[in-house]
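Trainee:
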Amino acid sequence: MTDFVVLTVCCMVLGAVAFCCALLASTGVLPRNGWVGTRLGPTPASDAAWRVGHRAALRWGIVAVVDDVCCLTVGFVLLLVDDGVRRAIWGPRTAFVIDVLTAFPYVFSAYRAARGVAADQKHDGATKAVPRV
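Residue numbers (the numbering used here): 1 to 133.
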């Protein structure tokens, strides 16, 4: 029973953190910082890259939350129906594995979107040179 509770809490925390971090950073509520958020390569380079990167990661945060709700619901139903944790543990286990696997596209999509913004900003800066007189 302890495994069931620990995995359930871990899954709920992982999904909620992924979703809330992406949502708050993409809307500008969570500014660039050194503690919370996806801080790979170009993501913390500018405010625009920070917001765009987290907006791209938001869909994977939603996937994590929906996965947690579905798998944990199955786990709780099995716990109530089977009166045992032996089969019910597969709900939280599945949710945890999917949360861990979702972290890879979450980070990759944020990195890729922020890299595009950084490239656009470099290109705009290079084309807006001051003319010589």
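Glycine included, C-beta positions come from ideal geometry on N, C-alpha and C.
For the candidate residues L24, V74, G61 and W60, whose alpha-carbon lies nearest to that of W50?
Mentor: When only C-alpha atoms are compared, the closest one is L24.
Trainee: Do the region 67 to 83 and the region 26 to 46 touch if we need at least three Cβ pairs shorter than 8 Å?
Mentor: With a cut-off of 8 Å, the region 26 to 46 and the region 67 to 83 do not count as touching, because too few Cβ pairs lie within range.
Trainee: What residues in its chain sit with their C-beta under 6 Å from that of S109, if we drop five residues either side in the sequence?
Mentor: Closer than 6 Å at Cβ, skipping near neighbours: A56 and A57.
Trainee: Where in the region 36 to 112 do unbroken runs of the alpha helix (DSSP H), each at least 4 residues long, occur, reported from the N-terminal end onward?
Mentor: Entirely contained in the region 36 to 112, the alpha helix (DSSP H) runs reaching 4 residues are, in chain order, 47 to 82 and 85 to 88.
Trainee: Do you know offhand how far L101's Cα is from T94's?
Mentor: Each residue's Cα considered, the two are about 11 Å apart.
Trainee: Can you grab the Cα-Cα spacing for the pair D67 / S46, in whole Å?
Mentor: Each residue's Cα considered, the two are about 32 Å apart.
Trainee: Can you tell which of A64, P105 and N33 has the C-alpha that lies nearest to the C-alpha of L14?
Mentor: The residue with the shortest Cα to Cα distance from L14 is A64.
Trainee: What are the boundary residues of the alpha helix (DSSP H) that includes M12?
Mentor: Where M12 is concerned, the enclosing alpha helix (DSSP H) stretches over T2 to T27.
Trainee: Answer with buried or exposed for A114, where buried requires no fewer than 16 other C-beta atoms within 10 angstroms of its C-beta.
Mentor: A114 should be labelled buried.
Trainee: Could you check the C-alpha separation between L80 and V97 for me, to the nearest Å?
Mentor: For L80 and V97, the distance between alpha carbons rounds to 23 Å.
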